[in-house]
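Notes to accompany the following structure.
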Amino acid sequence: MNFLNLAMLGGLAAGAIPLIIHLFHKSRFKVVQWGAMHLLSAVLRTNQKRLKIEQWILLAIRCAIPLLLALMMARPMWQGAAGLLGERPTATAVVLDNSYSMEAGHAGTSNFSLARDETQRLVGNLRRGSEAYIFLMGEDTGLLDEPTRDLTRVTQALSKAGCGYGMARVPRALEQVAGTLAKMTEATRQVVMLTDFQRVSFPRTEDEALGQALKRLRKLPAPPTITLWDVGVEAKENVAVESVEFSKLMVGIGQKVQLRANLHNFGDSARPDLRVTMKVDGREQGTSQVSLGAKSQGQVLFSHVFDRAGSHVVEISTEADAVNADNSYLASIPVREQLEVLLVDGSPGATPDDLKSATGFARIALSPFTAGKVEQADLIETTVVAATDLRASQIAGAAVVVLANVATLGDAPLKALEEFVGQGGGLLVFPGEGSDAAWWNGPFAKVAPLPLGARAGDLKEGAPTMGVLSQRFEHPALEMFNDPRNGSLAELALKSWFQLKPPATTGHPTDPLVMARLANGEPFLAEKPFGKGRVIACATALDSSWSNLPTRPVYVPLVQRLCVSLASNVYPPRNLRVGEPLVAFLPADAAGKTAKLTLPDTSTVDVPVVSQGARGVVEYKLTQRPGLYTLLPTDGPPVHFAINADRAESDLERLSPSEIQAMAKSHGLQLVHSAAEFKALENVQRYGHELWRWTLLGLLALLFAELLLQQKFARGGARS
Amino acid sequence: MAHVSDFLKPSDLQRITNLQVLARQVVEGFTSGFHRSPHKGYSVEFKQHRQYVPGDEIRRLDWSVFARSDRHYIREYEEETNLRSTLILDRSGSMNYAGTSAGGVTKYEYATKLAACLAYMMVHQADGVGLTTFDTQIRRHIPPRSRVSHLRVILDELEKGQPGGETDLGDVFHELEAKLHRRGLLIILSDCFGEVASFLKALAHFRHAHHEILVFQIWDRDELEFPFKTWTQFDCLEQAGVKHLLDPAMLRQTYLENLATFRDSLVRGCRRHNIDLVPFCTDEPYANALAAYMTRRLGRR
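Chains as they are written, first to last, in the numbering used here: chain A, 1 to 720; chain B, 1001 to 1301.
In structure tokens, the structure reads:
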């Protein structure tokens, strides 16, 4: 019990007034010489005891009235057990929503800056010695690493905090806060979440997860009070570049790259002439106008030809609106000058040009300009090596290794090959006359996508051939053959092939994938991920001995696509979502050195290059901020990483007030909308509930009771 | 019918100390409107003639009969039926109460003045009047006489006496009955406080002796209404040392109910014995008492 107006408690002395009046009256009595004593005595005889009790009751009530009045004016507060802790320092965890939707706002003030200011004030108002911890929901990390009692440091850090980060994941944030709160020492704990109640941050599907997180918070030894603070206003108008799609295959110099930007207008008003710009490496390379209706989506297509190799950055952006973070979308596109393909020939010819060799046709198909002595540059540079001469060093220098009609490999080359694929290399395997099923299904089985079965078909002239099933291809290497103008796999006629045993699907991501099938349903091309790389196996030979493959127009694009597709996997991904770790492979000699990484805010950090296998590896995990990350190795070209935020935040629609209420109610959370409300709530929590209403009711009740009892008592002893 | 005395409040008459003057004022004011003179009531009604026998008073001979018949006849009249009233005045302590609304007139004073008025009127009507004063026992008994000089004796006694002591109506009345040789009208001026049963029993005793009884019950307004508000100590007038300190407001209702019961039992008892019980309050004019007496007096005829 506390009193807001302690001075008024002095009024309790007024409780003595009725007593004094009573005693005064009793002492200042009148003396009457009374005759009719026999009438009075009879009354007194039967009622004296009752009268005394009644007098005491009345006196007690009369004394209680001024007491209660004084109590009411002293404004008592009831706080239960919490009251004992009211004046103590608290442990406060603030969950601050800095997802980029908070960038929206009203009249030039973003919702985030409102929330940040309120948080600063909240932290500033904390009792001296309180612990504070600020969790930034958009970054999924604390503002400071640990809770601190240095509140000035917190407010200073807060003033530097910004918005425009990732997505707000409420249950996840609360889970993390629960973990941090457990480490805090103060027993009076509170969790305050300042958020804009964006609908996407509170999906129904996460309701259970939210409940779980809250449960965890409440199970803490000293459970915190949990308050939701609704900040900011709804700003619906927002256009987002939701994604940019481009071919996942390796891009070479002079090749035309098509980029498709998906735009989404989340607002209620149409955007008839929305300007969309494409910038390549910071230079504007194309603009387009698109008309977007209210709450509708649209696409803009851009194409670009890169004239030099290296890492390029494409940025597609729209006009600025309330939320900046989703106005542009970055794509990092590596352009390769050359792609080294190592052709391992199981039946090499006398010269590399020998078309009788297993790789003769393939070598020409992969680098046709070189073979044709034409001035134009090939993307792919081939090296042919006999299977027997294969060395580990040759494998490490290639992007893709092609095994053609290789019977067996020695242990050392096989191990090198496994390591190569495991670290992201590509392997393309074609069987042939010399193929050894025992080796394939034995030492090589770990790498081979599918076990090698019996050989089928007949090489005799006029024997029936096997075609390839016409189907829609999902694999990026074969996607282009969905368009008949690019050639058709159906032209192929296989005289002989190996039956690749169809995989038993387990649903695991490392399951072999059948890319194309023969007309009889047997696999024609199958792919399997191995480590970080991939392996593709074909059912027939690479040369013309078993099929008409090399003589068909589809041959050149097929082998090129297969190689490029495998090579495209060599590099760790450069287009990432916020929070995904950024990884780059550097030459082995870079290991042990440090590389510079330029962050989206143009600041630079040094990252160590770690030796991993035959490579140096750079890994950077703090990618909560969307934007362009540029890695500058000590020697070598810069590498760009485009980190884009999840566009789910772009839909600025908020939960309706009733939904917010309902959610807060169902989870038993307190909800405030302003600093004043929060202050009032905090007061109630700290000092308890004001009781004057109850005191007033009690007072009135006593007044009535006094009146009624007095009348009743005066009438009273009738039943004597 | 309005009388001059209607306007003479006890408090106004308080200053008249001479009871005779007071009584004359009240009674003559009261009777001035009556057409029937008290002297007319003197009995002269003829009863019969009888033969003269020696020893009869000569003056009682009916000379006109003798003239007609030459015989001596004596004229006989019906005997004079003068009313013999006895005023029985309560001198107990409880009669000494003077309430706030009565202007300082005690019940006893009121009762003596009332008695004086009644005696005056009775004597002037040639009725015999006596006086008995009592508290726990009979203090003074003056037998009824109708002489005017007798009035002096009664008024002197009324002026002399002072109230005090307890009341025991029952015993006193039994004692008194023995002293009343002839039947007549008993006018009891008392507050009738005490045990109702024994009081009624004594009244019944009187009735048994064929007395007519008129009870003037003297009340003070305070006793009827119990108007006290503040804490009050009630000291008993009859028994020294008996006192009660209390908050009268708390008791008023119960007191009034108790009072009603008391009065009710008195009224019922009196009615049963054909006794007139006339309650008086000390702030009422004396004339009401006289009117009550007159009604009774005429009723006896």
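Using N, Cα and C, we set each Cβ at its ideal position, and we do this for glycine too.
Closer than 8 Å to the CB of B:T1232 there is at least one CB belonging to chain A. Closer than 8 Å to the CB of A:A714 there is at least one CB belonging to chain B. Under DSSP, A:V618 shares a beta bridge with A:A584 and A:V609. By alpha-carbon distance to A:V401, the top candidate from A:T408, A:L697, A:F420 and A:A412 is A:F420. Here the alpha carbon of A:S568 sits roughly 10 Å from the alpha carbon of A:R336. Along the segment 1248-1262 of chain B, going in chain order, the ones with a CB nearer than 8 Å to a CB of chain A are A1249, M1250, L1251, R1252, Q1253, T1254, Y1255, E1257, N1258, L1259 and F1262. Of A:I660, A:Q120, A:F713 and A:R218, the smallest CA-CA separation from A:A157 is found for A:Q120. Neighbours of B:Y1097 across chain A, judged by C-beta separation under 9 Å: V32, Q33, W34, G35 and A36. Cβ atoms of A:W34 and B:C1236 come within 8 Å of each other, at about 6 Å. When Cβ pairs closer than 8 Å are counted between the two stretches, the segment 206-221 of chain A is seen not to touch the segment 606-626 of chain A, the count staying below three. By the CB criterion at 8 Å, A:R577 and A:A642 fall outside the cutoff. Around the beta-carbon of A:Q560, 16 or more other beta-carbon atoms lie within 10 Å, marking it buried.
Residue contact with chain B for A:K26: present (Cβ-Cβ distance below 8 Å to some residue of chain B). In this structure the segment 1139-1146 of chain B does not touch the segment 1058-1072 of chain B; the number of beta carbon pairs closer than 8 Å is below three. About 6 Å separates the Cβ atoms of A:L143 and A:A161, confirming a contact at the 8 Å cut-off. Residue-level contact check: B:D1235 touches chain A, since one or more beta carbons of chain A fall below 8 Å from its beta carbon. In the three-state reduction of the DSSP assignment, A:M167 falls in the coil class. The segment 349-399 of chain A contains, as complete beta strand (DSSP E) runs of 3+ residues, the segments 380-386 (chain order).
Residues of chain A whose Cβ lies closer than 7 Å to the Cβ of B:V1242 are, in chain order, M37.
Between B:F1216 and B:F1173, the CB-CB gap reaches or exceeds 8 Å.
In this chain, A:L492 is not harboured by any alpha helix (DSSP H), its DSSP state being neither H nor E. For the pair of segments examined, the segment 133-153 of chain A was found to touch the segment 175-193 of chain A: the number of CB pairs separated by less than 8 Å reaches three.
Every alpha helix (DSSP H) stretch that sits fully inside the segment 613-700 of chain A and reaches 4 residues is listed by chain position as 657-666 and 675-687.
At least one CB of chain B lies nearer than 8 Å to the CB of A:F29. Going by C-alpha positions, A:V300 is about 14 Å away from A:V314.
Straight-line measurement puts the Cα of A:A182 at about 8 Å from the Cα of A:P221. Using a C-beta cut-off of 8 Å, the segment 638-655 of chain A makes contact with the segment 580-588 of chain A, since at least three inter-stretch Cβ pairs fall below that distance. For the pair B:G1194 and B:R1091, the CB atoms are not nearer than the 8 Å cut-off.
Scanning chain B for C-beta atoms nearer than 8 Å to the C-beta of A:N47 yields L1251 and T1254, reported in chain order.
Under the Cβ criterion of 8 Å, B:E1057 is not counted among the residues facing chain A.
Contact annotation for A:E54 against chain B: M1250 [CB-CB distance below 8 Å, chain order]. About 18 Å separates the Cβ atoms of A:E522 and A:L558, ruling out a contact at the 8 Å cut-off. Contact of A:L40 with chain B by beta-carbon distance below 7 Å involves F1234, H1244 and Y1255.
With a cut-off of 8 Å on Cβ pairs, the segment 1100-1113 of chain B is not in contact with the segment 1250-1265 of chain B, counting fewer than three such pairs. A Cβ-Cβ distance of about 6 Å is found for the pair A:G346 and A:G432, placing them in contact under the 8 Å criterion. In this structure, DSSP gives A:I253 a state outside helix and strand, which the three-state scheme calls coil.
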